[in-house]
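Residue numbers (the numbering used here), protein chains in the order written: chain A, 1 to 331; chain B, 332 to 662.
All remarks here apply to the structure that follows.
Laid out in structure tokens, this is it:
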């Protein structure tokens, strides 16, 4: 429909085919926040098989959580991603799919718990950090890099960080050995305007050091997919998504929507649909993720979805006005 | 977070407050496509009261359908919007809320069935037309205008219209007495790129004749709200939305999301949430509107959602792979 008027515009038309784009499936990792990472093996294997068959680039299989902080009684295996647990699902992963784990700053004994790459089937360590934890994150990135992993850094809750601090953080991160820096909309609070602006800021710092930029969105305002596309248009090459959007609270950018947008023929939609139907949807009643109005309200207010998650798990579930009044104050 | 760099950019920051923006609630009209317009009076009154309390600008209460084509045995009162039915709900509508009805080209006996404005509580007639029906639509617009109504024209399925024809249609419509010309994404097929491009095209034709542009989106790709914001940013001043997105198939831009974006204090979110909770959500099991994967697939393919609606109503409901194979062909 569109007549391209300049070469740049013409090239942008094909953003959806850009070969540098990598899709990172976060279904099990982010979804694990809804069930304390207690997925059974069939679920994890179902998602893994679907990622392989769909031609996705990375699958994030869980966290490297500290056993000093998190009890194995309370949390399932995907909170820790012990090598034996991962290999029980993926064997030695003789596929083009790369595997990643998330390591939270201050909640991961990375020096001990992350083995050298040669002893692990994991390909990439993704360091999640709040702005005040950047010094620790830098040490974690250095550690993972020296052990032989690809790395990303996911600077969480960017919507709450003053821009001057963000600039400093990006400068430090860009100077680290990290491969990609993520724009993370933890609270699902961004509109396209913020995504455009911040993505350009991230890219300005990252690109001059030869690093990529990624996008991780939440669906509180039903903009996770829309904002992920906008990030791709602006130059993000690592795009996080999950099957049926499974993820904390309102969930993530849906893989099935993202594959509809991406026109690289290496991606296939059908295995994703099959996984959603057979593996993901049967968990919906129990896990209750996805866009809803309490999550929308925390998104509007640029807040952690904690209050909405508690409300949805409680007896007043469905009393939207009560939640609104409790958060916003009655009119 | 954003430092405005130019005056224009500064002004655009406040697009969400622009006083010219009008919110048009289409819950009962578009939602009626899911139940043959058989809402009971409590539902219609609940939506009307919520529109008034929320400070919305217009409420579309139904169609002016032809009784020669549509039987009152098969369709409820909101397919016809007889004056007595409308007044049973709104009385003489002594509120700031304006009321509108939709009149489909070739499916409305407009000359007989639309009374002079002085005899009606309706304020605006919205003429819905496919591209090949433009000559009839022009006659309908003239008729409604002469009878004393505000008018809009909703050029449906714009995603399927060759651009040369679109230009001609817009030129004709801009020369008519219509007050606003709508960009309508009937199939939920647009990305932001198309919205930006087409909105500018519509605005170019409309603005030089002093007319407004509107946006009516469907949520097949979960972009109805995102695209409605993008349209507003580009200058659309009539924004269609519905409570909880109730509308045909994947539904429309959600009023609750749109009010979160709009910062004009005349709008209030709480009455919308109350209406959703008490009036709309109780219908969800029966009406089954809203984003789902069959609708997503018809959106990808820029098709009418008919096939997905039939599939969702049938015994194979939930067999996503079967639907995918039936539409796309098996891999």
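Where is the CB? At the ideal position from N, CA and C, for every residue including glycine.
**Item:** Start-end ranges of the alpha helix (DSSP H) lying completely within the segment 43-122 of chain A, minimum 4 residues
**Value:** Runs of the alpha helix (DSSP H) inside the segment 43-122 of chain A: 83-90 and 110-113.
**Asked** Are the beta-carbon atoms of residue 537/B and residue 544/B separated by less than 8 angstroms?
**Response** With contacts defined by Cβ atoms closer than 8 angstroms, residue 537/B and residue 544/B form a contacting pair.
**Message:** Taking a contact to mean a Cβ-Cβ separation below 8 angstroms, would you say residue 245/A touches residue 219/A in this structure?
**Reply:** Yes. Within cutoff.
**Prompt:** Which same chain residues, not among the five before or five after residue 412/B, have their C-beta less than 7 angstroms away from its C-beta?
**Reply:** Listed in chain order, the non-local C-beta contacts of residue 412/B below 7 angstroms within the same chain comprise 392, 393, 394, 395 and 432, local neighbours out to five positions each way being set aside.
**Request:** Could you confirm whether any beta carbon from chain B is found closer than 8 angstroms to the beta carbon of residue 229/A?
**Result:** Under the Cβ criterion of 8 angstroms, residue 229/A is counted among the residues facing chain B.
**Item:** Backbone secondary structure at residue 576/B - three-state DSSP
**Value:** Per DSSP, reduced to three states, the secondary structure at residue 576/B is helical.
**Prompt:** Can you list the residues of chain A that residue 556/B reaches, using a CB-CB cut of under 9 angstroms?
**Reply:** Within 9 angstroms Cβ-Cβ: 221, 222, 223 and 226.
**Message:** With a threshold of 8 angstroms on Cβ separation, who are the neighbours of residue 505/B within its own chain once the five nearest residues in sequence on each side are excluded?
**Reply:** These residues qualify, in order along the chain: 512, 536, 537, 539, 540 and 542.
**Asked** Can the beta-carbon of residue 267/A be found less than 8 angstroms from the beta-carbon of residue 54/A?
**Response** Closer than 8 angstroms, so yes.
**Asked** For a contact meaning CB atoms closer than 7 angstroms, what does residue 397/B contact in chain A?
**Response** Around residue 397/B, no beta-carbon contact reaches into chain A at under 7 angstroms, the shortest distance being about 33 angstroms.
**Request:** Below 9 angstroms between beta carbons is the criterion; list the residues of the segment 515-526 of chain B that meet it against any residue of chain A, in chain order.
**Result:** Listed in sequence order: 522, 523, 524 and 525.
**Extent of the continuous beta strand (DSSP E) to which residue 126/A belongs** = Element bounds for residue 126/A: 124-129.
**Prompt:** For residue 545/B, which of helix, strand or coil comes out of DSSP?
**Reply:** It is a strand residue.
**Item:** For residue 444/B, the nearest candidate out of 530/B, 398/B and 359/B (CA to CA)
**Value:** Selected option, being the one with the closest Cα: 398/B.
**Message:** Give me, in chain order, the residues of the same chain whose beta-carbon lies closer than 6 angstroms to that of residue 351/B; leave out the 5 immediate sequence neighbours on both sides.
**Reply:** For residue 351/B, the CB contacts under 6 angstroms within the same chain, skipping 5 residues up- and downstream, are 568 in chain order.
**Asked** Is there at least one Cβ from chain B nearer than 8 angstroms to residue 270/A's Cβ?
**Response** For residue 270/A, at least one C-beta of chain B is nearer than 8 angstroms to its own C-beta.
**Request:** Compute the Euclidean distance between the alpha carbons of residue 590/B and residue 189/A, then round it to the nearest angstrom.
**Result:** The straight-line gap from Cα to Cα measures roughly 14 angstroms.
**Request:** Quickly, what does DSSP pair residue 512/B with across the bridge? List them, please.
**Result:** DSSP lists 484/B and 544/B as partners of residue 512/B.
**Request:** Run down chain B in chain order and give the residues with a C-beta less than 9 angstroms from the C-beta of residue 260/A.
**Result:** Here the neighbours are 552, 627, 628, 630 and 631.
**Prompt:** Going along the chain, which residues of the segment 602-616 of chain B sit with their C-beta nearer than 8 angstroms to a C-beta in chain A?
**Reply:** Across the segment 602-616 of chain B, CB contacts with chain A closer than 8 angstroms involve 604, 605, 607, 608 and 612, in sequence order along the chain.
**chain B contact for residue 131/A (CB, 8 angstroms cutoff)** = With 8 angstroms as the cut-off, residue 131/A does not count as an interface residue toward chain B.
**Euclidean distance between Cα positions of residue 662/B and residue 652/B** = Only weak support exists for where residue 662/B lies, its pLDDT of 38 falling under 50; the coordinates are left without a value.
**Item:** Short Cβ contact (8 angstroms threshold) for residue 407/B with residue 578/B
**Value:** Judged by their CB atoms, residue 407/B and residue 578/B are not nearer to each other than the 8 angstroms cut-off.
**In DSSP terms, what residue 355/B is bridged to** = DSSP lists 389/B and 571/B as partners of residue 355/B.
**Request:** Give a yes or no on whether 8 angstroms exceeds the smallest Cβ distance from residue 359/B to chain A.
**Result:** Not closer than 8 angstroms to any Cβ of chain A, the Cβ of residue 359/B fails to qualify, so no.
**Asked** When Cβ atoms are compared, which residues of the segment 238-257 of chain A fall closer than 8 angstroms to chain B?
**Response** Per Cβ criterion, the list reads 254, 256 and 257.
**Item:** With 16 other Cβ atoms within 10 Å as the buried cut-off, status of residue 126/A
**Value:** Using a 10 angstroms sphere on the CB of residue 126/A, the tally of other CB atoms reaches 16 or more, which defines it as buried.
**Request:** May I have the straight-line CA-CA distance separating residue 462/B from residue 472/B, to the nearest angstrom?
**Result:** Using only the alpha carbons, I get a separation of about 15 angstroms.
**Prompt:** Among the residues of its own chain, which have a CB less than 7 angstroms from the CB of residue 116/A, if the five just before and after it don't count?
**Reply:** 147 and 148, listed in sequence order.
**Message:** Please list, in chain order, the chain B residues whose beta carbon lies closer than 8 angstroms to that of residue 324/A.
**Reply:** Within 8 angstroms Cβ-Cβ: 600, 601 and 604.
**Asked** Is the shortest distance between the beta-carbon of residue 333/B and the beta-carbons of chain A less than 8 angstroms?
**Response** Here the model assigns residue 333/B a pLDDT of 49, short of 50, so the residue's position is not dependable, and the following value carries that caveat. Taking Cβ atoms only, chain A reaches closer than 8 angstroms to residue 333/B, which makes this a yes.
**Asked** Can you tell me whether residue 315/A is buried or exposed, with buried defined as 16 or more other CB within 10 angstroms of its CB?
**Response** Exposed, since its Cβ has fewer than 16 Cβ neighbours within 10 Å.
**Asked** What residues of chain A sit near residue 650/B, judged by a beta carbon separation below 8 angstroms?
**Response** Going along chain A in sequence order, the residues near residue 650/B (Cβ under 8 angstroms) are 277.
**Item:** Contacting residues, own chain, Cβ-Cβ under 7 angstroms from residue 553/B (five flanking each side not counted)
**Value:** Closer than 7 angstroms at the Cβ level, and outside the excluded window around residue 553/B, lie 622.
**Request:** Measure the C-alpha to C-alpha separation of residue 279/A and residue 368/B and round it to an integer number of angstroms.
**Result:** In a straight line, the C-alpha of residue 279/A is about 36 angstroms away from that of residue 368/B.
**Prompt:** Should residue 333/B be labelled buried (16 or more other beta-carbon atoms within 10 Å of its own) or exposed?
**Reply:** Below a pLDDT of 50, predicted positions are generally treated as unreliable, and residue 333/B, at 49, falls in that range; the measurement from the model is reported next regardless. Classification for residue 333/B: exposed.
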